[in-house]
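With our numbering applied, the sequence shown closes on residue 469, and no number is skipped along the way.
Cβ atoms here follow ideal geometry from the backbone N, Cα and C, with glycine treated the same way.
These notes concern the structure reproduced below.
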Amino acid sequence: MNQKRSFTNRIRFYGFCAALAVFFVSGWAAHARALADPFIPGAWTKSTDNPVLTIATPGAWDDQYTFAPSVLLDGTTYKMWYAGSSTSSTIRKIGYAISPDGTTWTRQGSSPVLIPGSTGSWDAGHVSFPSVMKDGDTYKMWYTGLDASDIGKVGYATSPDGFTWTKYIGNPVLTIGTGNSWDSVYVGAANVIKVGSSYYMWYRGGLNGGIGYATSPDGITWTKDVNNPVIANGSGGWDHYAYHPRVLYDGTVFHMWYSGGDPTGNLSQVGYAISSDGAHWTRKGMVLPQGTAGAWDGESADHAAVLQVDSTLKMWYSGFNGTSYQIGYASAEATILNHKIFLPAMVR
122 MNQKRSFTNR
132 IRFYGFCAAL
142 AVFFVSGWAA
152 HARALADPFI
162 PGAWTKSTDN
172 PVLTIATPGA
182 WDDQYTFAPS
192 VLLDGTTYKM
202 WYAGSSTSST
212 IRKIGYAISP
222 DGTTWTRQGS
232 SPVLIPGSTG
242 SWDAGHVSFP
252 SVMKDGDTYK
262 MWYTGLDASD
272 IGKVGYATSP
282 DGFTWTKYIG
292 NPVLTIGTGN
302 SWDSVYVGAA
312 NVIKVGSSYY
322 MWYRGGLNGG
332 IGYATSPDGI
342 TWTKDVNNPV
352 IANGSGGWDH
362 YAYHPRVLYD
372 GTVFHMWYSG
382 GDPTGNLSQV
392 GYAISSDGAH
402 WTRKGMVLPQ
412 GTAGAWDGES
422 ADHAAVLQVD
432 STLKMWYSGF
442 NGTSYQIGYA
452 SAEATILNHK
462 IFLPAMVR
């Protein structure tokens with residue numbers, strides 16, 4: 122009788138433990154679904170020291186526009202590549218600056234590090250919108266090139282030091298679409314990341330925006346997604362025109378910061394979207410507005426570049442006051458979601 126009661130009690134105990142486990146697991150799963158992002162960006166705070174990279178002194182190649190930064194943290198040094206142009210020439214080129222803290226920047230040299238190609242070439246008009254990564258000992262840049270007719274395409278260049286660049290002989294690596302496709306006039310403002318051995322690109326397509334997606338095994342040969350654009354233009358809201366994507370991958374979720382322009386084309390701000398696969402995106406709203414009237418970024422805040430450093434998200438962005446583009450800095454705390462399930466031990 123005692124043995125039978127003991128056996129019955131043990132069965133009840135194991136049943137209770139199993140039910141408790143199901144409760145914990147289902148509860149955790151529901152919580153995880155409610156908080157789908159492995160990290161959740163907090164509110165962004167603009168630096169009081171903005172702009173952190175101003176236009177250069179009069180006469181320099183970048184004395185009117187300094188914009189569209191691409192930033193990486195290389196050891197203890199922040200490195201920035203940016204687009205610029207001068208009051209004497211609207212031709213855009215790419216410059217290079219470094220910083221010990223991400224806010225105090227020093228230009229490297231007095232000349233741009235990447236310039237347009239020779240007359241008649243695919244990038245003879247402008248080079249701009251750099252996206253740079255360090256892959257092993259090599260710096261890799263994808264950039265927008267415009268020809269004399271302002272047809273935009275994406276080129277590729279490499280460097281041993283971030284300063285001296287060699288353009289890929291087979292450029293451009295991403296070209297416009299055919300016929301009346303959505304990106305048949307322009308592709309550019311590309312952002313490239315590497316996950317494992319694969320390269321992922323998001324880019325602006327068309328003169329009016331929309332964001333496309335492409336993949337590559339080597340960063341050179343690209344295949345566009347058949348469902349492009351993966352983020353279409355809106356329908357009259359703050360991000361009626363969607364462009365300039367910048368993406369972080371945290372191991373589970375792709376996080377995108379993109380520029381959104383209103384229907385007038387006169388106001389741009391930064392939005393945020395998430396995706397589980399890089400191709401299907403959910404917009405989360407506008408996260409960085411333009412500044413107040415008369416401020417250095419009072420007419421637009423766009424072209425964001427974002428890094429995660431420990432639990433802090435760091436953003437560099439372009440600000441426009443109606444006359445000049447300069448580069449500002451903002452930060453946000455990233456809430457890291459690290460769920461663990463604790464189940465009661467099975468006592469015999």
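Item, Value
"Within-7 angstroms CB hit, S210 to chain C", "The structure shown contains no chain C; it holds only a single protein chain."
"C-beta contact flag for T175 and S452 at 7 angstroms", "no"
"Inter-residue Cα distance where the pair is K214 and W263", "13 angstroms"
"Sequence ranges, alpha helix (DSSP H) only - wholly within the stretch 398 to 430, length at least 4", "none"
"R367 (DSSP reduced to helix, strand or coil)", "strand"
"The stretch 414 to 432 contacting the stretch 364 to 377, beta-carbon criterion three pairs below 8 angstroms", "yes"
"Coarse secondary structure for T523, derived from DSSP in three states", "Residue 523 lies beyond the stretch modelled for the chain, which goes from 122 to 469, so this question has no answer here."
"Under the three-state DSSP convention, the category Q185 falls into", "coil"
"Cβ pair L103, W343 closer than 7 angstroms", "Here the chain comprises residues numbered 122 to 469, so residue 103 is not present and cannot be evaluated."
"Neighbour-count burial assignment, D423, 16 or more Cβ in a 10 Å radius", "buried"
"Assigned exposure category for A414 - 16 Cβ within 10 Å defines buried", "exposed"
"C-beta atoms of N312 and G330 nearer than 7 angstroms", "no"
"Reduced DSSP category for F284 - H, G, I as helix; E, B as strand; rest coil", "coil"
"Alpha carbon of S209 to alpha carbon of S220, nearest angstrom", "28 angstroms"
"Simplified DSSP assignment, three categories, for D378", "Reading the sequence as shown, one finds Trp at residue 378 and not Asp. Strand."
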